[in-house]
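Asker:
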Amino acid sequence: MYRDLGELVSKMREAVGKIDGEFLKELQGENGYDVAVRHSNKATEWFLDKEVDCFLFTSWC
Numbered sequence: 007m008y009r010d011l012g013e014l015v016s017k018m019r020e021a022v023g024k025i026d027g028e029f030l031k032e033l034q035g036e037n038g039y040d041v042a043v044r045h046s047n048k049a050t051e052w053f054l055d056k057e058v059d060c061f062l063f064t065s066w067c
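Using the working numbering, read the sequence shown as starting at 7 and increasing by one per residue.
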C-alpha cells in the first residue's frame, strides 16, 4: 500500500486539499444532504471493494 509515512502524508494532504470553499458551499447548500450522502456512498463502496487499512484520528494538530 504505502511504502513509507511520507507517501501517506502526501496522500492525506492531497485528500484534505480537495475540501475547498466550493465543496463546503455544496455541503451548506440546498442539496447539501444529497452531496454528503453521495460522497459517503462512494467511500463505502471503495472500502468494500478493496482491502483497506483504516487509520482514524480526531485532530489536525
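We treat Cβ as the ideally placed atom computed from N, Cα and C, and that holds for glycine.
Identify whether residue 40 lies in helix, strand or coil by the three-state DSSP scheme.
Answerer: Correct three-state label for residue 40: helix.
Asker: How close, in whole Å, do the beta carbons of residue 32 and residue 41 come, if the pair is a contact with beta carbons under 8 angstroms?
Answerer: With 8 angstroms as the limit, residue 32 and residue 41 qualify as a contact, their Cβ atoms being about 5 angstroms apart.
Asker: Counting only beta-carbon atoms, is residue 37 nearer than 7 angstroms to chain C?
Answerer: Reference to chain C is not applicable here, since this structure consists of a single protein chain.
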